[in-house]
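See below for the structure under consideration.
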Amino acid sequence: MSPTTNGHYAPRDPTLISNVHSNSYSNALLHAHTDLDSGAYTHRPLVPGVYVPTVCFFNDITEDLDISTIKKHAVRMAEAGVAGITTQGSNGEAVSLSHRERRLVTTATREALEAAGYHDMPIIVGCGAQSTRETLELCHDALLSGGDYVLVLPPAYYKGLMSNTDLYEYFRDVADESPLPVLIYNYPGAVSGLDLDSDFISKLAQHPNIVGCKLTCGNSGKLARVATATNAATPSDIGSGFMAMGGSADFTLQTLIVGGSGVIAGLANITPKACVAIVNYYAQGKIKEAKRIQARVAQGDWAAIQGGLVGTKSCLQTFFGYGGYARKPLPRPASEEAIRWERAFQDVVDLERTL
Numbered sequence: 022m023s024p025t026t027n028g029h030y031a032p033r034d035p036t037l038i039s040n041v042h043s044n045s046y047s048n049a050l051l052h053a054h055t056d057l058d059s060g061a062y063t064h065r066p067l068v069p070g071v072y073v074p075t076v077c078f079f080n081d082i083t084e085d086l087d088i089s090t091i092k093k094h095a096v097r098m099a100e101a102g103v104a105g106i107t108t109q110g111s112n113g114e115a116v117s118l119s120h121r122e123r124r125l126v127t128t129a130t131r132e133a134l135e136a137a138g139y140h141d142m143p144i145i146v147g148c149g150a151q152s153t154r155e156t157l158e159l160c161h162d163a164l165l166s167g168g169d170y171v172l173v174l175p176p177a178y179y180k181g182l183m184s185n186t187d188l189y190e191y192f193r194d195v196a197d198e199s200p201l202p203v204l205i206y207n208y209p210g211a212v213s214g215l216d217l218d219s220d221f222i223s224k225l226a227q228h229p230n231i232v233g234c235k236l237t238c239g240n241s242g243k244l245a246r247v248a249t250a251t252n253a254a255t256p257s258d259i260g261s262g263f264m265a266m267g268g269s270a271d272f273t274l275q276t277l278i279v280g281g282s283g284v285i286a287g288l289a290n291i292t293p294k295a296c297v298a299i300v301n302y303y304a305q306g307k308i309k310e311a312k313r314i315q316a317r318v319a320q321g322d323w324a325a326i327q328g329g330l331v332g333t334k335s336c337l338q339t340f341f342g343y344g345g346y347a348r349k350p351l352p353r354p355a356s357e358e359a360i361r362w363e364r365a366f367q368d369v370v371d372l373e374r375t376l
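Residue numbers (my numbering): 22 to 376.
Structure (structure tokens):
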């Protein structure tokens with residue numbers, strides 16, 4: 022769709038946005054079908070809730086993809102009640118994978134969900150790269166691998182040479198050409214401190230193929246402004262269908278209170294039920310219960326933030342019997358460090374086991 026004469030896209034029409042649901046979320050899910058020869062594709066709709074950016078798993082010796090564990094983990098997440106899965110995110114070590122491996126991870130995830138009966142669960146695929154061309158290649162790979170949406174970081178290697186206009190045109194060009202709807206990914210820590218502001222995101226949100234954002238910046242004020250500007254979907258109101266998502270579990274409740282749609286939360290790899298419980302309690306109006314769970318989740322998320330992939334995988338190995346290690350050169354924790362992460366995550370894992 023072309024922009025209007027003032028350079029902005031026409032306001033989003035809720036009847037035309039492909040991820041807008043009916044008033045009953047329980048009846049909103051649509052079966053996806055892909056006919057690549059004819060070009061027809063119906064993606065699974067996004068609903069407010071918890072999305073988990075899944076960890077990637079490798080053979081401890083060869084560092085080859087551990088497909089069976091990737092599949093097992095995806096099904097565990099689905100069984101816990103998450104609204105969807107994100108592959109190729111920061112937790113998924115996308116920067117350490119070849120294009121072929123990225124396709125394999127998403128394909129394995131889709132196959133596992135289908136085999137377990139979760140036909141309607143959407144998959145968001147991380148597709149950010151340093152050029153518009155490669156980003157679009159990844160977007161097409163995401164479609165072929167069974168993805169429904171793409172999550173796109175801004176390019177930052179040449180940050181000093183790019184203006185806001187250049188960045189805007191990058192997202193616009195990707196959205197114009199991507200075969201899948203786009204979510205904007207704002208994560209300053211991964212892109213040399215580049216932090217997209219609420220005006221920038223809200224302007225891009227007018228593009229008909231941009232259907233959401235993930236704010237790992239942790240700025241709930243920014244999230245509130247974007248949610249208001251886009252009339253974002255919430256657990257109780259479909260709004261425009263735009264998904265204004267927080268980027269970590271430690272501000273799940275805050276995200277919901279300011280009008281956001283949910284979270285894409287790395288801690289959900291460890292405690293998906295606890296993260297989902299916050300959303301469910303909020304949706305039921307049980308704010309006291311939601312605050313109680315949020316407090317313990319926030320403490321657990323602090324351990325995940327401190328330990329990153331190393332701590333998260335160590336926790337999975339200790340408490341759930343799988344996890345392994347990140348690809349080199351990321352370190353493998355010594356036994357003393359593994360004990361440290363066990364202690365740091367113990368309380369939130371105990372909480373998870375009560376749910």
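Here a beta-carbon is modelled for each residue, glycine too, at the ideal position from N, C-alpha and C.
Predicted, not measured: the structure shown is a model, and the values here were computed from it.
query, result
"Would you report the Cα separation of serine 45 and glycine 287, rounded to the nearest angstrom?", "Confidence at serine 45 is low in this model, with a pLDDT of 34, below 50, so its placement is unreliable and no value can be given for it."
"Which same chain residues, not among the five before or five after alanine 115, have their C-beta less than 7 Å away from its C-beta?", "Gln109, Arg123, Gly147"
"Buried or exposed, going by whether 16 or more other CB atoms sit within 10 Å of the CB of proline 350?", "exposed"
"Check each candidate in Asp368, Asp218, Leu244, Thr255 and name the one with the smallest Cα separation from tyrosine 383.", "For residue 383 there is no data in the structure shown, the boundaries of the chain being 22 and 376."
"Determine the extent of the alpha helix (DSSP H) in which isoleucine 145 is found, giving its start and end residues.", "Unbroken run through isoleucine 145 is the beta strand (DSSP E), 144-147; no alpha helix (DSSP H)."
"Is the beta carbon of leucine 201 sitting closer than 8 Å to the one on histidine 64?", "yes"
"Alpha carbon to alpha carbon, how far is valine 284 from alanine 381? Give it in angstroms, no decimals.", "Here the chain comprises residues numbered 22 to 376, so residue 381 is not present and cannot be evaluated."
"Taking proline 293 as part of the alpha helix (DSSP H), name the residues at either end of that continuous run.", "293-304"
"Going by the beta-carbon positions, is the gap between valine 173 and isoleucine 205 smaller than 8 Å?", "yes"
"Buried or exposed, going by whether 16 or more other CB atoms sit within 10 Å of the CB of leucine 159?", "buried"
"Per DSSP, what kind of secondary structure is glycine 267 in: helix, strand or coil?", "strand"
"Return the chain-ordered list of same chain residues with a C-beta closer than 6 Å to the C-beta of valine 247, the five sequence neighbours on each side being excluded.", "Ser219, Ile222, Ser223, Ala265"
"To the nearest angstrom, how far is it from the Cα of glutamine 407 to the Cα of glutamate 100?", "With the chain covering only 22 through 376, there is no way to say anything about residue 407."
"Could you say which of Arg374, Val73, Ala137, Ser282 lies nearest to isoleucine 314 if we only look at CA atoms?", "Arg374"
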